[in-house]
Amino acid sequence: GYGKKKESMKGIPSKGDRIILLGGDNYRIGMGGSAVSSVATGEYGNLIELNAVQRSNPEMQKRVSNAIRAMMESDENPIISIHDHGAGGHINCLSELVETTGGKISMDKLPVGDPTLSAREIAGNESQERMGLVIHEKDLELLKRAAERERSPIYDIGEVTGDMQFVFEDPVKKIKPIDLKLEWLFGNPPRTVMNDRTMNSGFAEPEFDPGRFREYLVSLLQLESVACKDWLTNKVDRSVTGKVALQQTTGRIQLPLNDMAVMAIDYGGQRGLATAIGHAPVAAMADPAKGSVLAIAEALTNILWAPLQDGIRGVSLSANWMWPTRHEGEDSRLYHAVEAASAFAIALGINIPTGKDSLSMTQKYKDGTVVFAPGTVIISAAAEVTDIRKTVSAGLKNVDGSSVLYIDMAKDSFSLGGSSFAQSINFIGRDCPTVMDPEYFGAAFNAVQSLIEREQILAGHDVSAGGLITALLEMCFPERETGINIDLSGFEESTINLLFSEKPAVLLQVADAGRVIGDLAARGVKAELIGQCNSNRQFTIKHSEGLFELKPDKLRDVWYRSSYLLDRRQSGEDLAMERFMNYGKQELAYKFPAEFTGKLSKYDIDPYRRERTGIKAAIIREKGVNGDREMAWIMHLSGMDVKDIHMTDLISGRETLEDVNMIVFVGGFSNSDVLGSAKGWAGAFIYNEKAKLALDRFYARTDTLSLGVCNGCQLMVELGLVGRSGNGGAKMQFNDSRKFESAFLNVDIPENNSVMLQSLAGSRLGIWIAHGEGRFILPGPENSYHIPMKYSYSEYPGNPNGSDCDAAAICSPDGRHLAMMPHLERSLYPWNWADYPEGRRWMAAPGNDAEGGGTGAGSFSGIPGVIEVAGYADEITPWLEAFVNARNWF
2 GYGKKKESMK GIPSKGDRII LLGGDNYRIG MGGSAVSSVA TGEYGNLIEL NAVQRSNPEM
62 QKRVSNAIRA MMESDENPII SIHDHGAGGH INCLSELVET TGGKISMDKL PVGDPTLSAR
122 EIAGNESQER MGLVIHEKDL ELLKRAAERE RSPIYDIGEV TGDMQFVFED PVKKIKPIDL
182 KLEWLFGNPP RTVMNDRTMN SGFAEPEFDP GRFREYLVSL LQLESVACKD WLTNKVDRSV
242 TGKVALQQTT GRIQLPLNDM AVMAIDYGGQ RGLATAIGHA PVAAMADPAK GSVLAIAEAL
302 TNILWAPLQD GIRGVSLSAN WMWPTRHEGE DSRLYHAVEA ASAFAIALGI NIPTGKDSLS
362 MTQKYKDGTV VFAPGTVIIS AAAEVTDIRK TVSAGLKNVD GSSVLYIDMA KDSFSLGGSS
422 FAQSINFIGR DCPTVMDPEY FGAAFNAVQS LIEREQILAG HDVSAGGLIT ALLEMCFPER
482 ETGINIDLSG FEESTINLLF SEKPAVLLQV ADAGRVIGDL AARGVKAELI GQCNSNRQFT
542 IKHSEGLFEL KPDKLRDVWY RSSYLLDRRQ SGEDLAMERF MNYGKQELAY KFPAEFTGKL
602 SKYDIDPYRR ERTGIKAAII REKGVNGDRE MAWIMHLSGM DVKDIHMTDL ISGRETLEDV
662 NMIVFVGGFS NSDVLGSAKG WAGAFIYNEK AKLALDRFYA RTDTLSLGVC NGCQLMVELG
722 LVGRSGNGGA KMQFNDSRKF ESAFLNVDIP ENNSVMLQSL AGSRLGIWIA HGEGRFILPG
782 PENSYHIPMK YSYSEYPGNP NGSDCDAAAI CSPDGRHLAM MPHLERSLYP WNWADYPEGR
842 RWMAAPGNDA EGGGTGAGSF SGIPGVIEVA GYADEITPWL EAFVNARNWF
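Number 891 marks the last residue of the sequence shown (the numbering used here); no jumps.
This is the structure in structure tokens:
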């Protein structure tokens with residue numbers, strides 16, 4: 002993660018400081034968690050193992066986080082020290098808060114949700130969504146006010162004593178379950194010594210028939226580790242915060258092919274944070290040391306595609322070890338795996354400052370059967386991004402004359418041990434590829450980084466699960482026209498080894514192959530020209546063993562089929578099949594407003610303004626919502642003065658809305674939506690007199706506007722603020738798929754009278770959706786409602802929830818009040834969009850060395866609609882205009 006440097010170090014508590022707990026009650030959760038995590042599942046009784054399992058309450062975590070955020074964003078942050086409740090519960094969290102001073106905890110002040118808990122269970126349970134912190138007594142009232150406003154439970158549970166003693170006491174029961182010197186808790190623990198012997202895995206090398214290449218390919222593409230992950234990525238929010246610059250899906254046919262995530266650090270700048278993961282569990286079965294190297298290599302070739310601060314040395318790794326220890330040979334395998342990870346990271350000059358382990362990856366059954374999980378290390382990589390706009394995605398661009406280059410990062414043979422291909426034919430193998438020269442790997446990494454910085458790469462993908470053939474096909478999958486004519490005649494290896502080996506490598510699509518190859522050679526890195534891109538969907542492979550002509554669309558269906566089979570379990574047979582049949586037909590297409598320039602100057606906007614404009618807007622939020630910051634930013638950017646209003650402000654009468662011109666009910670999950678479609682939030686207005694009065698008076702005025710997005714849209718419909726009709730009012734219900742849907746898709750904006758959307762009529766734009774209950778039920782005829790935005794496709798998933806009339810939004814008859822399910826506030830910048838028209842992208846001309854833009858007119862003549870002007874860029878997308886329209890209306 003990232004944060005403010007001045008807030009990154011804990012202070013030293015002083016005698017008399019208060020020890021505070023934020024968050025939920027104590028329950029019998031996580032008891033024995035650390036102990037149970039070290040034994041085989043099934044070894045203890047079910048109740049013990051159930052108690053060890055963590056259960057979460059993310060809404061409570063959000064409330065606690067918001068209270069802490071209020072302190073952190075104060076002029077002076079009063080929090081001296083802070084620690085989360087995780088393993089070890091209060092014992093760990095609170096002792097670490099006072100480890101330099103000592104402290105006393107009053108157990109009668111701790112919140113207990115289960116009266117049957119023993120003192121040990123109260124002190125040691127691992128109920129989540131809690132934070133311990135230390136604060137001066139004089140600042141306690143400020144924190145209490147913030148916590149009350151955020152509906153975050155707060156408890157004053159003890160004090161700093163300064164006597165280097167850690168005490169838990171219950172003055173009511175007159176007991177002291179804990180009374181220890183801190184040095185006993187934080188002294189030198191005994192070393193753990195593990196004795197084991199090395200065992201030979203004895204796996205056989207893969208046996209295959211070179212003539213069955215096509216059969217092998219079809220089988221490989223359906224393996225879970227290789228196949229499409231759409232069933233997984235479409236049900237998690239990939240746009241929240243409005244800072245998402247790269248997520249899984251890419252291309253006009255939105256497919257999950259990006260192996261890296263990029264988040265902007267803030268809303269106004271171009272710097273960001275990249276994360277990626279890597280693992281090689283099958284290879285680790287054959288050779289644990291090589292498995293570690295391959296896991297690190299994959300994490301690095303995944304995070305490669307954004308310009309990173311300091312190149313490879315700017316990357317930090319986290320290692321999550323999962324191993325079936327305490328079985329003969331496994332501790333030895335773990336030792337060699339850790340040793341290899343350490344040596345490889347040191348050779349690359351990068352660090353592994355943190356990690357985690359789960360050393361009980363074993364299942365024991367009543368009949369004595371024991372099953373081991375494969376020993377695995379999952380490597381998480383993180384690094385700072387210097388310019389999120391330069392991030393490279395995996396899908397090929399339709400650029401005439403472009404080529405595909407292959408860079409071998411490993412300098413090893415094309416062996417098949419530990420590969421997905423071997424697994425697909427029921428082998429593990431012994432001879433796995435590895436990185437033979439870490440110094441060369443680092444040099445190649447940094448050389449590609451230089452190309453990304455100078456914008457000489459159109460698309461890029463790593464070679465990992467499924468091998469070279471999978472990577473090449475995946476680059477073609479997210480578009481309708483692109484193809485590659487591949488020539489591997491220069492390689493002596495057999496077709497099977499060459500195409501299916503998972504030796505670390507990367508593929509680059511470039512416009513000027515000769516120049517790029519020369520630039521790389523000057524840095525000591527060899528790149529081989531292996532393919533020419535085409536726009537007629539042709540995919541051929543030429544090799545000494547023959548010429549193979551493949552059909553990428555048919556193979557894409559094979560690759561997608563596993564996702565469909567898994568999707569049946571969550572969306573049902575009918576909708577899963579509809580998604581499968583339509584995913585390739587509902588490609589993204591755009592029609593921007595004729596007068597849209599993409600420039601902030603068109604709207605008379607200064608993104609750095611500090612003075613007030615006098616147009617007052619307010620975010621209204623309830624506990625659980627998560628779209629407030631991005632909404633506040635887009636309103637500020639458009640020229641409004643924005644303030645934050647919590648429902649507790651309205652309920653208490655601290656806010657009345659009398660001085661507010663525009664209100665926005667933001668997205669998220671108020672009250673966890675346990676009552677469905679913001680009904681709980683609506684009840685907070687209906688059944689609280691001051692809140693209801695403030696709302697009624699606001700909507701009685703004729704000089705106001707309002708907007709509800711996602712959860713806020715559900716609220717406005719529930720309150721009857723929009724969607725009224727003599728034939729029956731609008732309602733919101735669960736998505737047809739009965740699950741959360743996250744997607745970047747097309748919407749059409751028809752002729753309408755909405756204050757915010759009227760100027761965008763005739764447009765077809767891209768936008769994010771993220772909701773579970775977004776289906777508009779419109780019982781009357783369509784013309785009895787006012788629908789200013791529609792999903793561009795009527796069939797699922799283009800219409801992601803099954804809304805009547807394909808409605809994505811509805812508004813009041815006078816156009817002043819708008820409710821919409823899509824998140825326009827998370828679609829503000831070109832880098833927010835999961836796909837943006839190539840002709841409008843911020844991109845230098847191919848081969849141009851300029852750091853900040855392109856100069857080569859005609860360089861993108863093959864891209865329809867391109868504007869060939871030096872440094873051309875859309876600074877923002879048309880969605881800003883909706884808020885500018887609101888500003889201008891006032």
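Yeah, the Cβ is synthetic: ideal placement off N, Cα and C, and Gly gets one too.
From a predicted model like this one, the values you see are computed outputs, not experimental measurements.
Buried/exposed call for ASN784, threshold 16 Cβ in 10 Å: Looking up residue 784 in the sequence shown gives position 783. Classification of ASN784: exposed, given that the 10 Å Cβ count is below 16.
Presumed contact (8 Å Cβ cut-off) between GLU742 and ILE770, rounded CB distance: Position 741 of the sequence shown, counted from the start, is the residue given in the question as residue 742. Position 769 of the sequence shown, counted from the start, is the residue given in the question as residue 770. The pair is a contact, with the Cβ atoms about 6 Å apart (cut-off 8 Å).
Spatial neighbours of LYS7 in its chain, beta-carbon cut-off 7 Å, leaving aside the 5 residues before and after: Within the sequence shown, numbered from 1, the residue matching residue 7 stands at position 6. Correct list: empty, nothing qualifies.
Residues sharing a beta bridge with LYS357, DSSP: Taking the sequence shown and counting its residues from 1, one reaches residue 357 at position 356. Its beta-bridge partners are ASN321.
C-beta neighbour in chain B for ASN235, strict 8 Å: No chain B appears in the structure shown, which is made up of a single protein chain.
Residue closest to PHE428, alpha-carbon to alpha-carbon, out of VAL263, GLU503, PHE204: For the purposes of this step, residue 428 is taken as the residue at position 427 of the sequence shown. Looking at the Cα atoms, PHE204 is the closest of the given residues.
THR302 - DSSP class collapsed to helix/strand/coil: Taking the first residue of the sequence shown as position 1, residue 302 is located at position 301. THR302: helix per DSSP, three-state reduction.
The beta strand (DSSP E) enclosing PHE373, as first and last residue numbers: As a working note, residue 373 is residue 372 in the sequence shown. That run of the beta strand (DSSP E) goes 371-373.
C-alpha gap between ASP697 and GLY730, whole angstroms: Taking the first residue of the sequence shown as position 1, residue 697 is located at position 696. Taking the first residue of the sequence shown as position 1, residue 730 is located at position 729. Roughly 19 Å between the two C-alpha positions.
Cβ distance (whole Å) where GLY773 is taken to contact PHE735 below 8 Å: Position 772 of the sequence shown holds residue 773. Position 734 of the sequence shown holds residue 735. GLY773 to PHE735, Cβ: 7 Å. Contact.
Distance, ALA341 Cα to LEU335 Cα: Taking the first residue of the sequence shown as position 1, residue 335 is located at position 334. Taking the first residue of the sequence shown as position 1, residue 341 is located at position 340. Their backbone Cα atoms lie some 10 Å apart in a straight line.
Under 8 Å between C-beta atoms of TRP232 and LEU567: Walking along the sequence shown from the start, residue 232 turns up at place 231. Walking along the sequence shown from the start, residue 567 turns up at place 566. For TRP232 and LEU567, yes; Cβs fall inside 8 Å.
Distance CB(ALA528)-CB(HIS462) smaller than 8 Å: Here residue 528 refers to the residue found at position 527 of the sequence shown. Here residue 462 refers to the residue found at position 461 of the sequence shown. Their beta carbons are not under 8 Å apart, which means ALA528 does not touch HIS462 by this criterion.
ASP157 vs ARG29 beta-carbon contact at 8 Å: Against the sequence shown, residue 157 aligns to sequence position 156. Against the sequence shown, residue 29 aligns to sequence position 28. No, they are not a contact pair.
Cβ neighbour criterion (16 or more within 10 Å) applied to ASP875: Taking the sequence shown and counting its residues from 1, one reaches residue 875 at position 874. It is buried - the Cβ of ASP875 has at least 16 other Cβ atoms within 10 Å.
GLN539 - DSSP class collapsed to helix/strand/coil: Translated into positions along the sequence shown, residue 539 becomes position 538. Note: GLN539 maps to coil in three-state DSSP.
Distance CB(LEU98)-CB(HIS84) smaller than 8 Å: One-based indexing of the sequence shown puts residue 98 at position 97. One-based indexing of the sequence shown puts residue 84 at position 83. Yes.
Nearest-angstrom Cα separation, counted from ARG888 out to ALA692: Sequence index remark: in the sequence shown, residue 692 carries index 691 (1-based). Sequence index remark: in the sequence shown, residue 888 carries index 887 (1-based). So the two alpha carbons sit approximately 26 Å from each other.
Candidates PRO207, ILE81, MET72, of which the one nearest LEU143 by Cα: Your numbering for residue 143 matches position 142 in the sequence shown. Of PRO207, ILE81, MET72, the residue nearest in Cα terms is MET72.
Cα-Cα separation between LEU722 and SER226, rounded to whole angstroms: Position 721 of the sequence shown, counted from the first residue, corresponds to residue 722. Position 225 of the sequence shown, counted from the first residue, corresponds to residue 226. Those two C-alpha atoms are separated by around 48 Å.
Range covered by the alpha helix (DSSP H) that runs through GLY468: Your numbering for residue 468 matches position 467 in the sequence shown. GLY468 -> alpha helix (DSSP H) spans 468-477.
Identity of the residues DSSP links to THR598 by a beta bridge: Against the sequence shown, residue 598 aligns to sequence position 597. THR598 pairs with nothing; no bridge assigned.
Proximity of GLN571 and LYS740 at Cβ, strictly below 8 Å: Sequence index remark: in the sequence shown, residue 571 carries index 570 (1-based). Sequence index remark: in the sequence shown, residue 740 carries index 739 (1-based). Yes; because the gap between Cβ atoms is below 8 Å, this pair is in contact.
Reference PHE666, options GLU690, PHE446, HIS824, closest by Cα: To locate residue 666, count along the sequence shown from 1; it is residue 665. The option with the nearest alpha carbon to PHE666 is HIS824.
Proximity winner among ASP660, LEU638, ILE635, GLY640, relative to ILE646 (alpha-carbon distances): For the purposes of this step, residue 646 is identified with residue 645 of the sequence shown, where counting begins at 1. When only C-alpha atoms are compared, the closest one is ASP660.
Endpoints, alpha helix (DSSP H) assigned at LEU118: Counted from its first residue, the sequence shown places residue 118 at position 117. Taken as a continuous stretch (DSSP letters only), LEU118 belongs to no alpha helix (DSSP H), as it is neither H nor E.
Meets three-Cβ-pair contact criterion under 8 Å: the segment 103-112 and the segment 171-180: yes
Per-residue burial, ARG10 [other beta carbons within 10 Å of its own, 16 or more giving buried]: As a working mapping, residue 10 is identified with position 9 in the sequence shown. Inspection of the sequence shows that residue 10 is occupied by Met rather than by Arg. So MET10 counts as exposed.
Helix, strand or coil at LEU1 according to DSSP, with G and I counted as helix: Here the chain comprises residues numbered 2 to 891, so residue 1 is not present and cannot be evaluated.
With 16 other Cβ atoms within 10 Å as the buried cut-off, status of TRP324: Within the sequence shown, the letter at position 323 stands for residue 324. Under this definition TRP324 is a buried residue.
Three-state secondary structure assigned by DSSP to GLN457: Within the sequence shown, numbered from 1, the residue matching residue 457 stands at position 456. Coil.
N- and C-terminal bounds of the beta strand (DSSP E) containing ASN712: As a working mapping, residue 712 is identified with position 711 in the sequence shown. Premise fails: ASN712 lies in the alpha helix (DSSP H), 712-719, not in any beta strand (DSSP E).
Sequence-distant residues of its chain with Cβ nearer than 8 Å to VAL885 (five each side left out): Within the sequence shown, numbered from 1, the residue matching residue 885 stands at position 884. Answer for VAL885: TYR604, ILE606, SER639, GLY640, listed in chain order.
Range of the contiguous alpha helix (DSSP H) that encloses VAL756: What you label residue 756 is simply residue 755 of the sequence shown in a count that begins at 1. Premise fails: VAL756 is in no alpha helix (DSSP H) and is neither H nor E.
First through last residue of the alpha helix (DSSP H) which encompasses TYR565: Residue numbering aside, residue 565 sits at position 564 when the sequence shown is read from its first letter. Its alpha helix (DSSP H) spans residues 553-572.
Three-way DSSP call (helix, strand, coil) for ASN352 in this model: Numbered from 1 along the sequence shown, position 351 holds the residue referred to as residue 352. Strand at ASN352.
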